[in-house]
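Trainee: Quick one: structure below, then a few questions.
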Amino acid sequence: MAIGERLAAPLLWPVEARLAALLPDLLVFRKPRRSEPELATAQGVLLGVHVTGFTALMDRFSLTCKSEHDMDKLAHIFSYYISDIVEHVLCFGGDILNITGNVLLALWTVKQNQLSDIITLVAKCSLEIQEKFGIYHTREGQDLQLKIGLSAGRISQVIVGDEQRQYLLVIGRDVDDVQVAQRLAQANEIVLSWNCWKLCEQYMFEVEIMREDEAVKLRDMRIIDPFDFDEHFDKCLDYLPHYRTSADTLRTALELDPDSALEQTLRKHIMKNLLKKIDEGQPMEYISEFRTVTMVLVSLEFHKTAWMSHLCHLIQEAALYISTVIEKGGGQLSRIFMFEKGCMFLCVFGLPGDKKPDECAHALESAFSIFSFCWENLAETKLVSISITNGPVFCGVIGAVARHEYTVIGPKVSLVARMITAYPGLVSCDEVTYLRSMLPAYNFKKLPEKMMKNISNPGKMYEYLGHRRCIMFGRRHLARERNKNHPLLDREKELEAFQMAQRECLHQKKGQAVLYEGGKGYGKSQLLAEINFLAQKEGHRVLPLKLKEADFKQCFYAIQTLMAIFFEIDACPAYYRQECLHKQLRGMVEEPLHCLFNDLFFVKFPLSFKVSHMDDLTRQKKVKACFFQVLQEAVRETPLIFLIDEAQYMDAASWEFLETLLSTVPIIMVMTLTSTFTLCGCAQHFLQSSQAVLVPILKLATTSLLRMACWELGVVSIPQELQIYLLHRCFGNPLYCEVLCQDLLSKDVLLFHDLQKEEKNSKWETLSANAMKSTMYGILPAGSEEDQELYICTVRDDVNLDTVLLPPLLKEIAVNQLDQLSLEEQLLVKCAAVIGHSFHIDLLQHLLPGWNKNKLLQVLRALVDIHVLCWFSKSQELPAESILVPSSIKIIEQTKEQKKKKSDADSPLSLQEELSLPQTEMLEFGVPLLREAAWELWPKAQQIALHLECACFLQDLACRCQSCHGGDFVPFHRFAICSAKSCSGISRFCSYKDTGSVLTQVITDKLQLPSPQDSFQFQTRPFRSQEAFTSEHCRTEEEFLDQVNKKLAQTSPEKDMLTTKPCHCEEILQLVLSPLTQHCLVIGETTCAFYYLLEAAAASLDLSDNYMAFFYLRKASSLLGQPSAFSFLKKHKVKICQFEEAIFCCLRSEVCFNMGQITLAKKLARQALRLLKRNFPWTWFGVFFQTFLEKYWHSCSLSQPPNNPSENSKKKLAVLQQRVHCLSLLWQLYNLDTTASSRRFACLATLMQKNSAEEFANEAQVCPGLPVESV
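Our numbering puts the first residue of the sequence shown at 30, with every later residue one more than the last.
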C-alpha cells in the first residue's frame, strides 16, 4: 500500500470513504452506544494470519548500516505481501479488524446457526491463502511464511477512550484461542481451535488431531458430490449483509452516503496527525514517511480471576491515563491490543508533526509515570512491564486500497516487543534511548544481556529508575576543548567584547558580564574554550561550568556547583570533602558558620548554637553573604572569571545571585545561551543590567566555512561540487560543517591526492587532481611547516552527493524544525525538496495534488515570512522574461494562461498582492538541512515517482535560450539518437519498468529522450554562417581563413548588440539541465541521464566553465562503468549509440585541451572522429595520403546530386557537425606546436574541416524546414 498504483484510488474518495478504509466494518456499521465502555457480544469466526520470518528479516536489515534504505525495502516487501492477503480475505467477506506488527486478524460476524457454514468458508479462504501466498522468497534469502489460526464462537467487543480518541478491542476466550492456534501452527500450516472444530462440518475436512494441545491441524477439504463450493459461497453471501460484489472497491463501507454523525464517530478512532492530513486532502502515498521515532510499549498482565466487565473498566482507566501522559510529552497512543494474559498499549513519540528535541527524555519520564500509576491504582494487575526503544521506522499506510492501516514497521518495533518478555516488571530501554535522553547516568541501571528470539544483537539494555537526586556536582570541563590545529574563525568581534569587559573590570573595579547568544552549532562552546585558554594564559582563575536541561529544575544548582569548583571539592573523594572545605573556609568564614554548608555541599560540620537559632530564610541569606565575602577576598589576589555554557538552563535563584554578585564583586562572567525569549524573569532582569552585554554570534562567512571544511578534511582545496554540498547544507553553521565532513570521511566518498606529486596524466581517470588545481584556495593547515605534505580531495566518480544521507544527528535537528510547520507547509517543503535547493513555482505546483495557484502563493508567503524559503536572487539584473520558458518551446505557456484565467476568476487576492511576486518565480531554501531531511522522509517508490514527474516537466525545457535560437547544446543531438530510440523502443528509456518497478506505465512513458520532431531552430556552435564554405571551393588553409574573416567582417557588432537579447543559457544549465540529470539518476534512467550529462557538459563549455564540464563528463564516465578512454574495447553498463560515444570523446577532448593535457586531447579527438566514421592519420605518410583523398576524391563526391530529403539526412547533419567540431579542435591542438610535422597535421585538419562543412551545407539545403541562415 506504500507504493505504486495501489495508492492512487483513495485520492478521489470523499472523507468518509478514506476514514472507512482505515477502519473495520465492525466500527463503520456499529450502532451508537453510550460513551462508557460497554461489552457487545456476537457470534463469529476469527482468522489470524501470522507472517513468520518477518522479524528475522528485520534483524538482517538492522545489521547493516543503511538503515533508511533497508527500512524502505522492508516496508515495500511487507506492504506488497500483506496487501494481497488483505484483498483475498475481503473477497471472502472477511472484516479486517487490525494489522498489528506481522499479524492480521479478520472476523466474520454471523448468527450462531450460521457458524458451521462460515467456518467452511473461512477454511477454504485459509487454504487458498496458504496455496497462493504461503511462502514468499525475498532477495535477502529470508523467506516469509504464514501460520494461520482459526477460532469460532462468542466474540466480545468493547470501545475504550474518551470523546476525543477511542479504541476498539475484541476480547474473550475465542480471541485467546485464535492466538493459541496461531502459536501452535508451524510455517504453512492451519490450526483450528477445539471449539471451532466442534462447531464445523467435520466431515468436510481432512485434519490431524492435536490432542495434547486441544487443537486440530487442517490438511485439506474434501469435495464430496453433490457439494459445490460455488453454491456454498453464494449461500454464505446471504449471511454477510455488508459484502460488496463489485470488484472495484471490495467493501460496501467505501460507498456509503455522506453522514456527518458517522464521520464524527469514525474520526475518534484515527490518530490526530493522520486525520489532519486526510482533512488536508493529501493522497495516501504522500502520508507515509521514514523517520526516527521513540516507541513505548506498556504491557499490563491481569489476574485470571478478573471479571470481563471489571477488566474492561481497568483497560479504560489505563487508556485514559496513558493517553493523557503520552500526549503531554508529545507522543500519541497508537493502538491497544489484547494478548492471552492481558493488554498492551503501543505509544509512539516523533510521528509526523510531533517531533520534539527531547523526545527520548519525555518518553522515559512518561513511561515511569505510567509504571507508577498502574502499580498503585489498577487493581487486579498482576504485572506491569514497559519497554522503550528509539530508531528509524516506516511510519505509514500498509494494506490494500479498500482496507489499510497506519502503522510503524522496523527492527526497533520488534525489539520493543521482545524486551517486554525479556525484562518483565521493569521500565527498560535500549542503549540508543539511554544515550539520546541526555539524562544523568545515575537515573539508569544496566541490565544483564538476554537472548531474544530472531534478534541477533539487541545491544545493551538499561532500567530507568526515574529522577533521583545524586550527591554530585557539575561538570568541571566545558563541552569542547580548544584545538590548536583549528583556529577560531570569524570571531574577532566576539573576542573583542570579552577583552573590553576585561579592561573595564580592571580599571573600574566593577563586575562585567558578556553573554553570547547564538543558535545550536554556531560555535559558542568553541568560543568559550578559546576564552578559557586566553584567560588562563593571562593568569586569570577560570571556573568553567556546562549546564544541562535537567539542571533548571534544581534550585541554586548553578551557584552550588560553581562554588564547589571554587573550593576545589567537586572532584575530591566524599570522605575528604569536609576536610578540604574546612581548609578553604578557614580564615574567611567563622567556624560556627561552617555548618551552613552541610546541605549544600553534602558535608557534616557540627551544628553550632548560632546557626541552630536561624530560620531557613536567614540561613539562605547568610550563605549568600559568605559566598560574597569569599569571592571578594579571592579577586583581590587573582582576577576571577565564571564561564557558563548553556546558561539558558540556569535556575532562577542562581540568576538572582549572579545579578547581586555582579554589582558587588569585580568579577567577569562569560555565558552562552541559545535564545533569550525562553529565559525566566530573573534572567531577563539580569540582561537589563548596565554591566551585562549581549553579543549575538552570527553564522560563518562562506570563505571561512570552506576554510573550516579544508581543515576538517586535512586538505588545502575541495572541489566545487563539495563546496556546493557544504554551503547548501551548512548555511554558515560550524557544527553542521564539522559533522558533515566527518560523515563524508566515515563513508569513504572522498579521494585524496598529494598536491606536490607530479602525475603523468595519460588517462582520463587521472585528471581529477589537475582539475582541482584550477579552483584552489590559498589555505594552509594551521601550524603547517614548509616541508609538510599538502593534499587536495575529490569526490568519487560513482558518488552522487545529492543523495548522500544526512548523519542522524543533523537529520533529527532538521526534522524537529520541519515538524514545527503546519501540515500545508510541511507538504510544500517535502515536494520542494524533491526538486532541489532552488525550484520554480510552476514545477512545485505540478507536484502538489489539488493545489491552485492562490493556495500555493499563500503558503509560500508564509514560509518566506519565517525565512524557511527565500526568493532566488542573483547579482546580475533579472531578465524581463521567464528564463525557464524559451520561446522556441511552447510547453507550459497555454497551461499558465488557463491557470491564470481560472485563478483570476476565483482568487481572493488583490491585484497588488499578485504584482508583489518577484519576477523570477524562483525560490530556494533558507534553512540548513531542511531540504535534505525532507527528501529523506519520502519512501523510495514515492521518491522515484516524484523525481519522474520533475524530469518529465523539465525535459522539454532543456534547450538553449531564446537569444541563442533554442535547440540542443550539442548540435542536432536528438536527431542522431532517434534511430537508436526507435530500434530499442521506449522501454530503453524506462529502465525502472524493466526491473520490475511498480510505477505505472502511463507515468513512466512520459520520460523519453527528446524527439527529433520537436520544433526548434537549429544552430551550430563553432560557425556564424555556412556561406563562407559554399560560395567557392577553397583549396588551401589561407583561402579558407580569408573567407571566414570576410564573412565575419560583414556583420555589424553594433547592430548585433542592439538587437540581441541577453543570453540565459547559464540559468538553463543551473535550473534545468543540472537538476534534470539528478532526477534521471535518482529514478535509475541512466540512458536519459547520460544524454543530459552530455548536454550539461556542452553548455558548461559554451559558458567557459571547464571544471563543471569536467564534473558532468566524469559523472557520465561513471555511468558507463568502464575507463572511458578504452570504452570502444569494452561493453558499457549503459547502452548508448555510437554518435553519443563520439560526443563523449569530443567533449572530453575539449576539456583536456583547456586543462593543458594536449596528448590526451589529441587521442580523444581522434577517437571521436573514428566513431564518426572519419579517420585522422598518425604518420606523415598518412597525412600525405589523406590530403590527396581530401583534395580530389571529395571534389568528385560534391558533383553528385544530393540524396532525397529524409529523416536520415537530419541524422547525418548531426554527424557532420560533430566532425567539423572535432577537426576544428584538432587544428587548434596541432597549431600549438610550430614544428613542420604539426603544421602538416594542422593543414590537413583544416582541409578535412572545410570538406565536412561543405558536405554539411549540401545536406542542410535538402532538409525541409531547416533555414540555411541558422546553420
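Built from N, CA and C at the ideal position, the CB exists for glycine as well.
Could one say the Cβ of L279 lies closer than 7 Å to chain C's Cβ atoms, at least one of them?
Mentor: Included in the structure is just one protein chain, with no chain C present.
Trainee: Can you give me the Cβ contacts of A1370 inside the same chain, cut-off strictly under 7 Å, excluding the 5 residues immediately before and after it?
Mentor: In this structure the chain extends from 30 to 1300, so residue 1370 is not present and cannot be described.
Trainee: Starting from the C-beta of W42, find all residues in its chain whose C-beta is less than 8 Å away, skip the five residues before and the five after it, and write them out in chain order.
Mentor: For the purposes of this step, residue 42 is taken as the residue at position 13 of the sequence shown. These residues qualify, in order along the chain: A50 and L283.
Trainee: If you follow the alpha helix (DSSP H) that S155 is part of, which residue opens it and which one closes it?
Mentor: Counting from 1 along the sequence shown, the entry for residue 155 is found at position 126. Start and end: L144 to F162.
Trainee: Three or more beta-carbon pairs under 8 Å between the stretch 709–722 and the stretch 623–640, yes or no?
Mentor: The stretch 709–722 vs the stretch 623–640: no contact.
Trainee: Do you know how far the Cα of R960 is from the Cα of H79?
Mentor: Along the sequence shown, one-based indexing puts residue 79 at 50. Along the sequence shown, one-based indexing puts residue 960 at 931. Cα to Cα, the separation comes out at about 39 Å.
Trainee: What is the C-beta distance between Y196 and R465, in whole angstroms, given that I count them as a contact (C-beta under 8 Å)?
Mentor: The residue labelled residue 196 in the question sits at position 167 within the sequence shown. The residue labelled residue 465 in the question sits at position 436 within the sequence shown. Not confirmed; about 29 Å, so no contact.
Trainee: Taking E330 as the reference, give the member of F686, H496, L362 and A347 with the closest Cα.
Mentor: Counting from 1 along the sequence shown, the entry for residue 330 is found at position 301. Ranking the options by Cα distance to E330, first place goes to A347.
Trainee: Using 10 angstroms around the beta-carbon of G996, count the other beta-carbons present and answer buried if the total reaches 16, otherwise exposed.
Mentor: Taking the first residue of the sequence shown as position 1, residue 996 is located at position 967. With 16 or more other Cβ atoms within 10 Å, it is buried.
Trainee: Go ahead and pull the three-state DSSP assignment for I32.
Mentor: On the sequence shown, position 3 is the one that residue 32 refers to. Its pLDDT being 43, under 50, I32 is placed unreliably in this model, and the coordinates cannot settle the point.
Trainee: Going by C-alpha to C-alpha distance, which of R251, W223 and D259 sits closest to V245?
Mentor: Here residue 245 is taken as the residue at index 216 of the sequence shown, counted from 1. Of R251, W223 and D259, the residue nearest in Cα terms is W223.
Trainee: According to DSSP, is A49 part of a helix, a strand, or is it coil?
Mentor: By 1-based counting over the sequence shown, the position of residue 49 is 20. In this structure, A49 counts as helix in the three-state DSSP scheme.
Trainee: For A1265, count neighbouring C-beta atoms within 10 Å of its own C-beta (all shown protein chains included) and say buried if the count is 16 or more, exposed if not.
Mentor: As a position in the sequence shown, residue 1265 is number 1236, starting the count at 1. Exposed, since its Cβ has fewer than 16 Cβ neighbours within 10 Å.
Trainee: Which two residues bound the contiguous alpha helix (DSSP H) that contains E1095?
Mentor: To locate residue 1095, count along the sequence shown from 1; it is residue 1066. Start and end: C1094 to I1097.
Trainee: Give the DSSP-derived three-state secondary structure of K1191 in the structure shown.
Mentor: As a first step, residue 1191 is located in the sequence shown; it is residue number 1162 there, counting from the start. The answer is helix: DSSP assigns K1191 an H, G or I state.
Trainee: Among the residues of its own chain, which have a CB less than 8 Å from the CB of D172, if the five just before and after it don't count?
Mentor: To locate residue 172, count along the sequence shown from 1; it is residue 143. Closer than 8 Å at Cβ, skipping near neighbours: G82, I164, Y165 and H166.
Trainee: With a threshold of 16 other CB atoms inside 10 Å of the CB of D308, please say whether the residue is buried or exposed.
Mentor: Residue 308 sits at position 279 when you count from the first residue of the sequence shown. By the neighbour-count rule (16 or more Cβ atoms within 10 Å), D308 is not buried but exposed.
Trainee: Go through its chain and collect everything with a Cβ distance to Q846's Cβ below 7 Å, but skip five positions before and after it.
Mentor: Taking the sequence shown and counting its residues from 1, the one referred to as residue 846 is at position 817. So the qualifying residues of the chain are V956 and L959.
Trainee: Going by the DSSP bridge assignment, what does C822 pair with across the sheet?
Mentor: Taking the sequence shown and counting its residues from 1, one reaches residue 822 at position 793. Answer by DSSP bridge pairing, in chain order: F781.
Trainee: Apart from the five residues on each side of it in sequence, which residues of its chain come closer than 6 Å, Cβ to Cβ, to Y109?
Mentor: Working through the sequence shown from its first residue, we reach residue 109 at position 80. Within the same chain, Y109 has no close Cβ partners at all.
Trainee: Cutting at 7 Å between CB atoms, please list the residues of its own chain near F954, excluding the five before and the five after it.
Mentor: Stepping through the sequence shown from its first residue, residue 954 is reached at position 925. Cβ neighbours of F954 beyond the five flanking positions: H866, L898 and R960.
Trainee: Ends of the beta strand (DSSP E) at N419?
Mentor: Position 390 of the sequence shown, counted from the start, is the residue given in the question as residue 419. Residues T410 to G428.
Trainee: Mind checking which residues open and close the beta strand (DSSP E) that includes H869?
Mentor: Taking the sequence shown and counting its residues from 1, one reaches residue 869 at position 840. H869 -> beta strand (DSSP E) spans S867 to H869.
Trainee: Are the beta-carbon atoms belonging to I1112 and L977 less than 7 Å from one another?
Mentor: Along the sequence shown, one-based indexing puts residue 1112 at 1083. Along the sequence shown, one-based indexing puts residue 977 at 948. Yes, the Cβ-Cβ distance between I1112 and L977 is below 7 Å.
Trainee: Whose C-alpha, out of L535, V828, Q971 and M1137, is nearest the C-alpha of Q749?
Mentor: On the sequence shown, position 720 is the one that residue 749 refers to. It is M1137.
Trainee: Keeping to the same chain, check which residues put their C-beta closer than 6 Å to that of Q941; ignore five residues upstream and five downstream.
Mentor: Residue numbering aside, residue 941 sits at position 912 when the sequence shown is read from its first letter. With a pLDDT of 37 at Q941, under the threshold of 50, the modelled position of this residue cannot be trusted; read the value that follows with caution. Hits under 6 Å: none found.
Trainee: Three or more beta-carbon pairs under 8 Å between the stretch 315–322 and the stretch 424–434, yes or no?
Mentor: Yes, the stretch 315–322 is in contact with the stretch 424–434.
Trainee: How is the beta strand (DSSP E) around K489 delimited, first residue to last?
Mentor: The sequence position of residue 489 within the sequence shown is 460, counting from 1. Unbroken run through K489: none, as it is neither H nor E.
Trainee: Taking the alpha-carbon positions, what's the L455 to F397 distance?
Mentor: Taking the first residue of the sequence shown as position 1, residue 455 is located at position 426. Taking the first residue of the sequence shown as position 1, residue 397 is located at position 368. Each residue's alpha carbon lies about 9 Å from the other.
Trainee: Round the Cβ separation of F378 and A390 to the nearest angstrom and send it over; I've been treating them as touching at under 8 Å.
Mentor: For the purposes of this step, residue 378 is identified with residue 349 of the sequence shown, where counting begins at 1. For the purposes of this step, residue 390 is identified with residue 361 of the sequence shown, where counting begins at 1. Not quite, the Cβ-Cβ distance comes to about 10 Å (not below 8 Å), so this is no contact.
Trainee: In angstroms with no decimal places, state the Cα-to-Cα distance between A1197 and L175.
Mentor: Translated into the one-based positions of the sequence shown, residue 1197 becomes position 1168. Translated into the one-based positions of the sequence shown, residue 175 becomes position 146. Cα to Cα, the separation comes out at about 59 Å.
Trainee: Between R183 and Q72, how many whole angstroms is the CB-CB distance? I'm expecting something under 8 Å.
Mentor: On the sequence shown, residue 183 is found 154 positions in, with the first residue counted as 1. On the sequence shown, residue 72 is found 43 positions in, with the first residue counted as 1. At roughly 6 Å, the Cβ-Cβ gap stays under 8 Å, so R183 and Q72 are in contact.
Trainee: Among the residues of its own chain, which have a CB less than 7 Å from the CB of Y6, if the five just before and after it don't count?
Mentor: Not covered by the structure: residue 6. The range shown for the chain is 30 to 1300.
Trainee: For E767, count neighbouring C-beta atoms within 10 Å of its own C-beta (all shown protein chains included) and say buried if the count is 16 or more, exposed if not.
Mentor: Taking the sequence shown and counting its residues from 1, the one referred to as residue 767 is at position 738. Burial call: buried.
Trainee: Give the straight-line distance between the Cα atoms of P573 and K385, rounded to the nearest whole angstrom.
Mentor: For the purposes of this step, residue 573 is taken as residue 544 along the sequence shown, with counting starting at 1. For the purposes of this step, residue 385 is taken as residue 356 along the sequence shown, with counting starting at 1. If I take the Cα positions, the gap works out to 29 Å.
Trainee: Can the beta-carbon of P668 be found closer than 7 Å to that of G540?
Mentor: The residue given as residue 668 occupies position 639 in the sequence shown. The residue given as residue 540 occupies position 511 in the sequence shown. Not closer than 7 Å, so no.
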